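Residue numbers (the numbering used here), protein chains in the order written: chain A, 300 to 430; chain B, 1113 to 1554. In what follows, a structure is listed as structure tokens, so that the remarks can point back to it.
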Amino acid sequence: MSLKDCTLLTGRTINQGVALEGGKTTMENVRAAAICAFDKEDFKKLDCLVGTPVKITTNFGEVTVYSTISDEGPHPGIIFIPMGPWANQVVNPDSQSCGTPTYKGMKATVEVTKGAKVLDALSLIKLLKEA
Amino acid sequence: MVERKIKTVYDVICPFCGTLCDDLEVDVDNTTEKVVEVRNACQIGTAKYFSSNPSEHRYEKPMIRKDGELQETTWDEAIDKAADILVKSKRPLLYGFSSTECEAQGKGVELAETLGGILDNTASVCHGPTLLAEQDVGVPSSTLGEYKNRADTVVFWGCNPVHAHPRHLGRYSEYVRGYFKKDGRNDRFVIVVDPRNTHTAQIADLFVQVNPNEDYELMNAIRATLRGVEIEEEEVSGVPVEKIKQLVDILKKARYGVIFFGMGLTQTLAHHRNIDTAICLIRELNDHTKFLITPMRGHYNVTGANQVFSWNTGYAYSIDFSRGYPRYNPGEFSSVDLLMRDEIDSSLIVASDPASNFPADSVKTLFKYPLIAIEPHETPTSVFADIVLPPQMAGIECVGTAYRMDSVPLRLRKVKDAPGDCLSDLEILERLLEKVKEKIGE
């Protein structure tokens, strides 16, 4: 029901790109970017159905997103969240003095959290505003 | 004679990604000024044109936060309040600029200089390391047309154009028939280096699966093999040494090769050192054959932002005007680092959405201080801004200049009028600059 020592990558997907054009605050963006794609064999270890919310935790934060199976596998040990507000809750802000944060390659753990709520973009960012 | 209701605009330049496709055809309803059809664009470009139509997510009038709510106001009041915020700040951050046109970017530079603020563009969080590397070791590059006509070996390293630059493969790098590459895809050998078997990798001739964050080691192993060094390991960065030798053979046999690279190199550990090494690899490959390198730039005019900032200040991004002259230091004056150290006291965000795209801790600081957004749509940044100034969308509702990823400038076209009271980014920044000058007595 959990995975440890995964490597989290983030990046563009075409669905996320389409959703952000004029629809960043919509559910389309949630469906496109509030997801985590797993390697097929890794996903079996989670013992849950596709779409079950999972909590991704790194040294830099945690976020709950919907689970899905990657169609860009196999990539054992690697999990992928499309770029966007959800991914940015758990990325490494350290730029090592070059300006660009380390958006890819964080060590992450994954827990299945059935019944947990996946926040929409505005609710998620509102938490940062109120922090 | 029946009046034609639909007008078609031809040869439209798409203002989405750095590929700047210039063959779009856009149908606009003459009576409603709405985009009704887009031909030749990718899925994302098409969505961008349709997003320009009036909707509940599109701002049509300036907004100002009163009693905790964004409320419609006049341009005069919005510009006056925005100028007030900026003039009263000691360290305002002016960020974004990559999804607007060059003339507006130039005005942004002037505003930052007048305010003594910090000026940054989105290269700061994407290809900033590429710019650092190019300053370190130079860059052997070319226009996309050259690759289309000549390249027989194409490497995509740490990028996934099927998703991020959907028409790049069809227009310049893979399927397209070129002057000397008449058989298109069959005349090219395509290699993808990535930790994931991406959709781009799935249609390549050779996929090299590298461990995350270990591109630097692999690149140096390739350089060593190219020089004839025997590597005393079975694998480097998860890639068997035999496969590295096979890769080097293919690269050496190329008649005209190119490496396209993306965030897989700039946003992983080693950052600009990855690009340094990639450029050095290109230099060494040129001992054997012709090889070039080009970054896959994301925002359609981020290259333009780097050009405009450079010719105005000498530097491409991360610029501080607080001493009255431009100073450059990524890591110190780059937006995320500034925010992580809590070193701003207001921000003007132009054509960008840092609340979605910056790491969470830096977003918290962004929202601590007054925020002005020049933004056509509801985004997590604009919804929580103090002032929203709605612009016309460049390349759809107003003209301008944009630089393609290979630094070729193209003139954006206007296909329709903007809804409501939207002004161009240039006009908004001009009015803001004028008001700022008035307030500081210049």
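Glycine included, C-beta positions come from ideal geometry on N, C-alpha and C. Note that the coordinates shown come from a computational prediction; the quantities given were computed from them, not determined experimentally.
- In this structure GLY350 of chain A is exposed. Its beta-carbon is surrounded by fewer than 16 other beta-carbon atoms within 10 angstroms.
- Going by DSSP, GLN1314 of chain B is part of no beta strand (DSSP E) but of the alpha helix (DSSP H) stretching over 1311-1314.
- Per DSSP, reduced to three states, the secondary structure at ILE1176 of chain B is strand.
- The Cβ atoms of ALA1194 of chain B and ILE1484 of chain B sit closer than 8 Å to each other.
- For GLN1183 of chain B, there is no enclosing alpha helix (DSSP H); the enclosing beta strand (DSSP E) covers residues 1181-1184.
- With a minimum length of 3 residues, the unbroken runs of beta strand (DSSP E) contained wholly in the region 1238-1276 of chain B fall at 1265-1269.
- Chain B has a Cβ within less than 8 Å of the Cβ of PHE379 of chain A.
- For PHE1292 of chain B, same chain residues with a beta-carbon under 7 Å away, outside a window of 5 residues either side, are ASN1261 and ARG1262 in chain order.
- DSSP, reduced to helix, strand and coil, places PHE1301 of chain B within a strand of the structure shown.
- Residue-level contact by beta carbon holds for ILE1156 of chain B and chain A, with a gap shorter than 8 Å.
- Every beta strand (DSSP E) of 3 residues or more that sits fully in the region 1499-1540 of chain B is shown, in chain order, as 1499-1501, 1512-1515 and 1521-1524.
- Beyond the five residues adjoining it in sequence on each side, PRO384 of chain A comes within less than 7 Å, by CB distance, of ALA420, LEU423 and ILE424 in the same chain, given in chain order.
- Judged by DSSP secondary structure, ILE313 of chain A falls within the alpha helix (DSSP H) whose first and last residues are 313-322.
- Contact note: CYS335 of chain A does not reach chain B at a C-beta cutoff of 8 Å; the least C-beta distance is about 13 Å.
- Here the alpha carbon of ASP1432 of chain B sits roughly 11 Å from the alpha carbon of LEU1227 of chain B.
- The Cβ atoms of ILE1176 of chain B and ALA1190 of chain B sit closer than 8 Å to each other.
- Put simply, the CB of PHE1319 of chain B is far from chain A, with every gap to its CB atoms at 8 Å or more.
- Secondary structure within the region 1366-1394 of chain B: the beta strand (DSSP E) runs of 3 or more consecutive residues, fully enclosed, are 1368-1373 (chain order).
- ASP1139 of chain B is bridged by DSSP to B:THR1120 and B:GLU1149.
- Only residues of its own chain outside the window of five on either side were considered, and among them LYS1219, GLU1222, LEU1223 and THR1226 have a CB closer than 7 Å to the CB of LEU1545 of chain B, listed in chain order.
- The C-beta of PRO373 of chain A comes closer than 8 Å to at least one C-beta of chain B.
- Not one beta carbon of chain B lies nearer than 8 Å to the beta carbon of ALA415 of chain A.
- Here GLY1374 of chain B is buried. Its C-beta has 16 or more other C-beta atoms within 10 Å.
- In the structure shown, GLY360 of chain A falls within a strand segment according to DSSP collapsed to helix, strand and coil.
- Collapsing the DSSP output to three states places LYS416 of chain A in coil.
- With contacts defined as CB atoms closer than 8 Å, LEU1330 of chain B and VAL1360 of chain B fail to qualify as a contacting pair.
- Note: PHE379 of chain A is bridge-paired with A:LEU308 and A:ALA336 in the DSSP secondary-structure output.
- Here the alpha carbon of VAL1348 of chain B sits roughly 15 Å from the alpha carbon of PHE1319 of chain B.
- Per the DSSP secondary-structure output, ARG1439 of chain B pairs in a beta bridge with B:ASP1432.
- Close CB contacts of ASN1332 of chain B within its chain, under the 7 Å cut and outside five residues either way in sequence, are with THR1389 (chain order).
- ALA407 of chain A has a beta carbon lying at 8 Å or more from every beta carbon in chain B.
- Close partners of ARG1308 of chain B in chain A (Cβ separation under 8 Å): LEU308, SER369, GLU371, GLY372, HIS374, ILE377 and PHE379.
- Cβ-Cβ separation between LEU1206 of chain B and LEU1231 of chain B: approximately 5 Å, consistent with a contact (criterion under 8 Å).
- In terms of beta-carbon proximity, ASN387 of chain A lines the interface with chain B, with at least one pair separated by less than 8 Å.
- Between VAL364 of chain A and CYS335 of chain A, the C-beta gap is smaller than 8 Å, which places the two residues in contact.
- At a Cβ-Cβ threshold of 8 Å, LEU1393 of chain B and ILE1334 of chain B count as neighbours.
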